[in-house]
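Visitor: The following block contains the structure, expressed as structure tokens.
Now the structure itself:
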């Protein structure tokens with residue numbers, strides 16, 4: 040298994056901040072990109088794991104996925 044760095048932000052939080060509002064469930068820092076590591080056999084596996092934990096239907100957006108080792 041390899042380690043993949045996944046860059047994720049939350050579009051709903053960004054939209055709220057642009058309107059001068061707060062998101063109901065997430066902190067403002069989710070408007071910024073978070074770099075999280077996932078262990079997987081390949082990039083598709085890392086994407087799948089990230090999408091399960093940070094689903095698009097809750098506003099999460101995956102920017103990039105890079106293999107780190």
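Residue numbers (this note's numbering): 40 to 108. Note that beta-carbon positions come from the ideal geometry of N, C-alpha and C, so glycine has one too.
Tell me, to the nearest whole angstrom, how far the beta carbon of residue 43 is from that of residue 77; I am working on the premise that it is less than 8 angstroms.
Guide: 5 angstroms
Visitor: When the distance is taken between beta carbons, is residue 45 closer than 8 angstroms to residue 75?
Guide: Going by C-beta atoms, residue 75 is nearer than 8 angstroms to residue 45.
Visitor: Check for me: the beta strand (DSSP E) holding residue 82 runs from which residue to which?
Guide: Residue 82 -> not in any beta strand (DSSP E); alpha helix (DSSP H) instead, spanning 82-92.
Visitor: Just the Cα atoms here: how many angstroms apart are residue 87 and residue 41?
Guide: Rounded to the nearest angstrom, the two C-alpha atoms are 14 angstroms apart.
Visitor: What do you get for residue 49, buried or exposed, if any count of 16 or more other CB atoms within 10 angstroms of its CB means buried?
Guide: buried
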